[in-house]
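Visitor:
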């Protein structure tokens, strides 16, 4: 199984982190993941991916996008996740090396728990509410801004992969 190359992860990390932070912020503020952020993430993989990954690996990783998009569409149709979550997950998929899938899924699960607990605790703090008074995610009691967890997990994955090369 192929793992993420540390140099590739390091070079992909800055633009991916910027987009992922945008997604986390947007999902917390508006409870929406912008389609433009999904296209931007796909664009990063389209443009930088073939420069930092072996061509065969880069080409096969597009299958990851398709598989996750189909699964995400099903979950979204069943109203288990939002459409933006499904699209962003699909856009994230090519960045994950198949050899790292188990590690990434564990990281994603831990990140989801951490993001959920942190978000729920933060929205109870008056100082946080005053700092971001108009965030829709504070008001939606049954919904969770999954972009916070998805973006964080992708940043952590690439940072950990890059750190393997140090």
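In our numbering, the protein residues as written are 3 to 168.
We put the beta carbon where it would ideally sit given N, CA and C, even for glycine.
So, for residue 33: in the same chain, excluding its five sequence neighbours on each side, which residues have a beta-carbon less than 7 angstroms away from its beta-carbon?
Guide: Excluding positions up to five away in sequence, the list reads 138, 139, 142, 145 and 147.
Visitor: Residue 158 to residue 5, Cα distance in whole Å?
Guide: Between residue 158 and residue 5, the C-alpha separation is close to 15 angstroms.
Visitor: Given a cut-off of 7 angstroms, decide if residue 152 and residue 14 are closer than it, judged by their beta-carbon atoms.
Guide: Not a contact, by the Cβ cut-off of 7 angstroms.
Visitor: Should residue 95 go down as buried or exposed, given a rule of 16 or more other Cβ atoms within 10 Å for buried?
Guide: With 16 or more Cβ atoms within 10 Å of its Cβ, residue 95 is classed as buried.
Visitor: If you draw a straight line from the C-alpha of residue 78 to the C-alpha of residue 117, how long is it?
Guide: If I take the Cα positions, the gap works out to 21 angstroms.
Visitor: I'd like the list of long-range same chain contacts for residue 46, defined as Cβ closer than 8 angstroms, with 5 residues on each side in sequence excluded.
Guide: Closer than 8 angstroms at Cβ, skipping near neighbours: 14, 17, 18 and 21.
Visitor: So, with DSSP's three-state summary, where would you put residue 31?
Guide: The answer is helix: DSSP assigns residue 31 an H, G or I state.
Visitor: Compute the Euclidean distance between the alpha carbons of residue 135 and residue 43, then round it to the nearest angstrom.
Guide: Their Cα atoms are separated by approximately 29 angstroms.
Visitor: Is the CB-CB distance between residue 155 and residue 110 below 7 angstroms?
Guide: Yes, Cβ-Cβ distance for residue 155 and residue 110 is below 7 angstroms.
Visitor: How many angstroms separate the CA atom of residue 104 from the CA atom of residue 70?
Guide: The alpha-carbon atoms of residue 104 and residue 70 are separated by roughly 15 angstroms.
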